[in-house]
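In the working numbering, the protein residues as written are 58 to 192. For every residue, glycine included, the Cβ atom is placed at its ideal position computed from N, Cα and C. The structure appears right after this line, and notes come after that.
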Amino acid sequence: MRVFTVHIRRHGLDPEKDVRLVKEGFSWPAFLFTFLWALWHRMWWTALGLFVISWGAALAVETLLPDHVAGPAVLLALYVAIGYLGNDLERRHLAASGFAEAGPVCGTDGDEALYRFLDADPVLARDLATAGVRA
């Protein structure tokens, strides 16, 4: 089972735009793609910061640590840190975009977690269903 946090904006009037699930733990896409991952999630300033940090660290490692073992180890540690912080950065971006954290939920994947969350809150599930019919 994975743990997700549920984020809702405007009491979830449109399920595609107003309910988001963010996985707890390590973010492999943030680890592998850093600033491209942030661009995908429309976190423009975060993407710029990750780009500057990544390239600045690479330049500093190349200049200060010409050793072929220590340099990549430092960069790997940086990317691992970005992977661990990735989902927290996404949560912070959602909070700044007007989403409120509704709480944690467990599920094998995002769909099951959303089902469990809506099963526990039938009023929100009804609002989402009626918003889907009107749209």
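Determine the DSSP secondary structure at Glu-158, reduced to helix, strand or coil. Along the sequence shown, read from residue 1 onward, the residue named residue 158 stands at position 101. The answer is strand: DSSP assigns Glu-158 an E or B state.
When you compare each of Asp-176, Ile-65 and Val-137 to Trp-85 by their alpha carbons, which one comes out closest? Taking the sequence shown and counting its residues from 1, one reaches residue 85 at position 28. It is Val-137 whose Cα lies nearest to the Cα of Trp-85.
So, with DSSP's three-state summary, where would you put Phe-90? Locating residue 90 in the sequence shown gives position 33, counting from the first residue. Phe-90 falls in the helix class under three-state DSSP.
Nearest neighbour of Asp-168, chosen from Arg-66, Val-79 and Arg-67 [CA to CA]: Within the sequence shown, the letter at position 111 stands for residue 168. Residue Val-79 is the option with its Cα nearest to Asp-168.
Suppose the cutoff is 6 angstroms on Cβ atoms and the five residues either side in sequence are ignored; what does the same chain contact list for Pro-82 look like? Here the question's residue 82 lines up with position 25 in the sequence shown. It should be noted that the sequence gives Gly, not Pro, for residue 82. Result list for Gly-82: empty, nothing under 6 angstroms.
Compute the beta-carbon to beta-carbon distance between Thr-62 and Arg-148, rounded to the nearest angstrom, for a pair I have assumed lies under 8 angstroms. Numbered from 1 along the sequence shown, position 5 holds the residue referred to as residue 62. Numbered from 1 along the sequence shown, position 91 holds the residue referred to as residue 148. With 8 angstroms as the limit, Thr-62 and Arg-148 qualify as a contact, their Cβ atoms being about 6 angstroms apart.
What residues match up with Leu-78 in a beta bridge as DSSP calls it? Here the question's residue 78 lines up with position 21 in the sequence shown. In DSSP, Leu-78 forms a bridge with Val-63.
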